[in-house]
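Residue numbering for the sequence shown follows the working numbering, beginning at 4 and increasing consecutively. Some notes on the structure that comes next.
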Amino acid sequence: MRKIGVLTSGGDSPGMNAAVMSVARSAAMYGIPLIGIKRGYNGLLRKSANLKDDMQELTLELVLDIADDPGTYLRTARCLEFKEKKYQEKAVKTLKSMQIDGLVVIGGDGSFRGAQALCDLGVPCIGIPGTIDNDLPYTEMSLGYDTAVNVCVEAIRKIRATSRSHDRPAVVEVMGRHCGDIALTAAVSTGSEIVVVPEVPWTVEGVAMQLQRQLNRGNYRATIVVAEGCWEAMAPFDLYNFLTSRGKPCYPEEPMSAVRFASVMKRMCGMVEARANVIGYVQRGAEPTARDSAFAFEAGNLAVRLLRDGISNQVIGMQKGKVFYMPIEKALKKERYFNRPLFDLVNSL
Numbered sequence: 004m005r006k007i008g009v010l011t012s013g014g015d016s017p018g019m020n021a022a023v024m025s026v027a028r029s030a031a032m033y034g035i036p037l038i039g040i041k042r043g044y045n046g047l048l049r050k051s052a053n054l055k056d057d058m059q060e061l062t063l064e065l066v067l068d069i070a071d072d073p074g075t076y077l078r079t080a081r082c083l084e085f086k087e088k089k090y091q092e093k094a095v096k097t098l099k100s101m102q103i104d105g106l107v108v109i110g111g112d113g114s115f116r117g118a119q120a121l122c123d124l125g126v127p128c129i130g131i132p133g134t135i136d137n138d139l140p141y142t143e144m145s146l147g148y149d150t151a152v153n154v155c156v157e158a159i160r161k162i163r164a165t166s167r168s169h170d171r172p173a174v175v176e177v178m179g180r181h182c183g184d185i186a187l188t189a190a191v192s193t194g195s196e197i198v199v200v201p202e203v204p205w206t207v208e209g210v211a212m213q214l215q216r217q218l219n220r221g222n223y224r225a226t227i228v229v230a231e232g233c234w235e236a237m238a239p240f241d242l243y244n245f246l247t248s249r250g251k252p253c254y255p256e257e258p259m260s261a262v263r264f265a266s267v268m269k270r271m272c273g274m275v276e277a278r279a280n281v282i283g284y285v286q287r288g289a290e291p292t293a294r295d296s297a298f299a300f301e302a303g304n305l306a307v308r309l310l311r312d313g314i315s316n317q318v319i320g321m322q323k324g325k326v327f328y329m330p331i332e333k334a335l336k337k338e339r340y341f342n343r344p345l346f347d348l349v350n351s352l
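Laid out in structure tokens, this is it:
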């Protein structure tokens, strides 16, 4: 290979920089120049007036110290037009003009679909999973998931300490638009009493009954961990009429949120107070844990070796603690497993 390109795409996740650093070290070892493509697939479409704003040669001097940094050195952004073939073909022309013969794509489901499209157009690509949601079914973990869980665990433990001090329940919202893995693992790790996820349909009244059982047992500081996407799995609930009829101001058509959910729980269960906490983007912006960094190190090296050996159209993952690779197309067809028995255990104790 004359040159290899690397990009980070989709949402940023801890460990992306560690993977870029590993790709750079491995490419240097094999004597292959490395080009960093900025802001995901947007860089391949040359959206900037200056080439240096879209691409940059990644020398060891530049990247050796970025492995521990949160975020992504190459920046990231979604690129909706890349779903269209004419833009994919434009990206191929850019790669050819830069003499880039292979591409490492670090991202999630949409990023991998973009990589598959480039493979179909003759560009060898290798994918490395980078998404905190852990929503790629073919792999046990993706870069950033372990870090995000640890951030949530630390936050929930501190919130529970205050809950104990004041004898009041807490609603804690963590990330996870369509995947409840962060919420479930964080709940299990902190002893939280209730967890609500997008994968399991639920009702407001049902969660209130669970909380009431905790209160009846004398547990006045129970924690309800909710994934940010769980509201889509919620059964219809008349939030406006419920709150306004009980003296709480609310606007018509106002959507459910962690704050409003805590307000509903307070009134349904007759509590003095229930507080809501949204952990938010600190889950994305944390330094990667050792587990994420170690996975990034192995995955980056394997990606370069595969491209060097003429193997492409593959994604790298983790199964039973070992790094492996498989075809992108096969990986994207895998059905995701949600640990329903563990979910039921948390909510039944």
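Every residue gets a Cβ at the ideal spot worked out from N, C-alpha and C, and that includes glycine.
query, result
"CA-to-CA distance, residue 244 to residue 117, given in whole angstroms", "45 Å"
"Close beta carbons around residue 328, own chain, < 6 Å, minus the five adjacent residues each side", "317 and 319"
"Residue from 300, 78, 149 and 103 whose Cα sits closest to the Cα of residue 4", "103"
"Contact the stretch 49-69 vs the stretch 132-142: 3+ CB pairs below 8 Å", "no"
"Reduced DSSP category for residue 142 - H, G, I as helix; E, B as strand; rest coil", "coil"
"Straight-line Cα distance separating residue 232 from residue 179", "6 Å"
"Under 9 Å between C-beta atoms of residue 187 and residue 198", "yes"
"Neighbour-count burial assignment, residue 293, 16 or more Cβ in a 10 Å radius", "exposed"
"Alpha-carbon spacing of residue 126 relative to residue 100, whole angstroms", "13 Å"
"Alpha-carbon to alpha-carbon, residue 241 and residue 10", "45 Å"
"For residue 7 and residue 310, believed in contact at Cβ under 8 Å, the rounded distance", "6 Å"
"Same chain, Cβ closer than 8 Å to residue 36, neighbours up to 5 away in sequence not counted", "5, 6, 7, 30 and 60"
"Beta-bridge partners of residue 322, as assigned by DSSP", "325"
"Which residues DSSP lists as bridging residue 280, in chain order", "175"
"Anticipated Cβ contact below 8 Å, residue 48 with residue 90, distance rounded", "6 Å"
"Residue 119, buried or exposed, once every other Cβ within 10 Å from all chains shown has been counted against 16", "buried"
"Three-way DSSP call (helix, strand, coil) for residue 91 in this model", "helix"
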